[in-house]
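Heads up: the structure comes next, in structure tokens.
Residue numbers (my numbering): 473 to 887.
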């Protein structure tokens, strides 16, 4: 190892690390990125299904509505570096952008590799150095508790500042192994137990596998916690899979499932959110009048997709061969209730390695929200997913990486 001393060590060469490295190096700070992967920005290169949803073009108020856990902590850093600032920065690096449905911002090329290369170039051209080695621990002065070095598998690097941005535990193949939590914990930081977030959900309902590949659009998902309190409700899309359910609505709902027993949560789908129960009943009456001589199983084609009809028939408890002109009011009301409250039993979340992000991390109570500096160890800063903050899909989590990294880098430039 050639590097023995520098000003700042950045542990983690992902989105937050590369961005901060560029800012610091441009400001004249000797900066070393510690990243053992063969590529910098490895997870960034696959994010957004390879397209890289860089940010969400909305104001701070709208942004915080999409951060269900510890959103207020981000107020200062978002005001310091907003989605508009992020867009301007990437365009200044030569990366053309476009805004799609839901204010989601992508590279014009639809290539996450282009975004990663732009950030890598920003850091390296300004003089940041990359040491391909794994950080093992952060060393602090015994008297002042200030950062003084980073111990790596290749030796010790003396420094006065460290930015810890190792990410969470999702997609372990990209290097997100949770080692940042261990390093922060060793310095006395409280670590909120990591758990999968923005992750598909496992159901033991057989009908999920029967309908795998079938997607629902314009439905309302509602989620109640173990105490019976409604914790999430939103309109959107979802998908049935061989193990349970996935899709945007499901991923967002998973952010609110923070209890120990996932099976204690109750989830239901309103398949006809645009209709009240009365309106739906009237619609069913019209359809049944139209198909009065048909059997029940053959009279739902105007109300549901063919993939879902057998499931609806089975769950309704109504005999499939019963002629619809023989239906009782009670049976019709049961069908209305099923359309408006289609239940899906949740068994558990998919493994943390499949999670887009990790819930949990370094407690925000021990981090200065304006500078991202540790309140326990002077010279130690945090950015990105290692912090106990997470948001929904749509570019919000990457913006958190940019904003926290910017706040930390600017504070280090002034220190």
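Where a beta carbon is used, it is the ideal one built from N, C-alpha and C, also for glycine.
Pairwise C-beta distances place the stretch 523 to 539 out of contact with the stretch 619 to 639, as fewer than three of them are shorter than 8 Å. Contact between the stretch 486 to 506 and the stretch 830 to 844 is not established, with fewer than three Cβ pairs separated by less than 8 Å.
Pairing residue 526 with residue 491 gives a Cβ-Cβ distance that is not under 8 Å. Close CB contacts of residue 720 within its chain, under the 8 Å cut and outside five residues either way in sequence, are with 708, 709, 710 and 865 (chain order). Measuring C-alpha to C-alpha distances from residue 626 to each of 639, 609, 605 and 640 identifies 605 as the nearest. Residues of the same chain with a CB within less than 6 Å of the CB of residue 798, apart from the 5 flanking positions on each side, do not exist.
Assigned with DSSP and collapsed to three states, residue 585 falls in helix. Three or more beta-carbon pairs separated by less than 8 Å are not found between the stretch 658 to 673 and the stretch 685 to 702, which leaves the two stretches without contact. For residue 808, the enclosing alpha helix (DSSP H) begins and ends at 801 to 812.
Non-local beta-carbon contacts of residue 810 in its own chain, meaning distances under 8 Å to residues more than five positions away in sequence, involve 784, 787 and 788 in chain order. Around the beta carbon of residue 726, a 10 Å sphere encloses 16 or more other beta carbons of the protein chains shown; the residue is thus reported as buried.
A contact between stretches requires three or more CB pairs, one per stretch, nearer than 8 Å, and the stretch 565 to 582 fails this requirement with the stretch 478 to 491.
Counting only the Cα atoms, residue 730 lies some 14 Å from residue 819. If you draw a straight line from the Cα of residue 879 to the Cα of residue 735, it is about 39 Å long. Contact between residue 856 and residue 883 is ruled out by a C-beta separation of about 15 Å, above the 8 Å threshold.
In this model, residue 515 and residue 763 are separated by some 53 Å (Cα to Cα).
In this model, residue 550 and residue 595 are separated by some 22 Å (Cα to Cα). Judged by DSSP in its simplified three-state form, residue 854 adopts strand. Residue 781 and residue 737 have their C-alpha atoms some 26 Å from each other. For residue 701, the closest C-alpha among the options 739, 509 and 642 is that of 739. DSSP places residue 655 inside the alpha helix (DSSP H), whose first and last residues are 651 to 658.
Distance check between residue 611 and each of 851, 868 and 867 places 851 closest, using alpha-carbon atoms only.
When the five nearest sequence neighbours on each side are left out, the beta carbons in the same chain lying within less than 7 Å of the beta carbon of residue 861 are those of 539, 541, 542, 545, 546, 836 and 872, in order along the chain. Per DSSP, the continuous beta strand (DSSP E) segment holding residue 741 begins and ends at 738 to 742. Note on geometry: alpha-carbon atoms of residue 629 and residue 502 lie some 12 Å from one another. Judged by beta-carbon spacing, residue 603 lies within the 8 Å limit of residue 506, meaning their Cβ atoms are closer than that value.
Counting only unbroken stretches of 4 or more residues, the alpha helix (DSSP H) elements lying wholly within the stretch 747 to 792 are 749 to 762 and 781 to 788, in sequence order.
Taking C-beta atoms as the reference points, residue 830 and residue 641 count as a pair closer than 8 Å. Looking at the DSSP output, residue 692 bridges to 707 and 742.
Contact between residue 631 and residue 478 holds, since their C-beta atoms are separated by about 5 Å, short of 8 Å. For residue 630, the uninterrupted beta strand (DSSP E) run begins and ends at 627 to 630, by DSSP. Beta-bridge pairing by DSSP links residue 609 to 623. Residue 746 counts as exposed, since fewer than 16 other beta carbons sit within 10 angstroms of its beta carbon.
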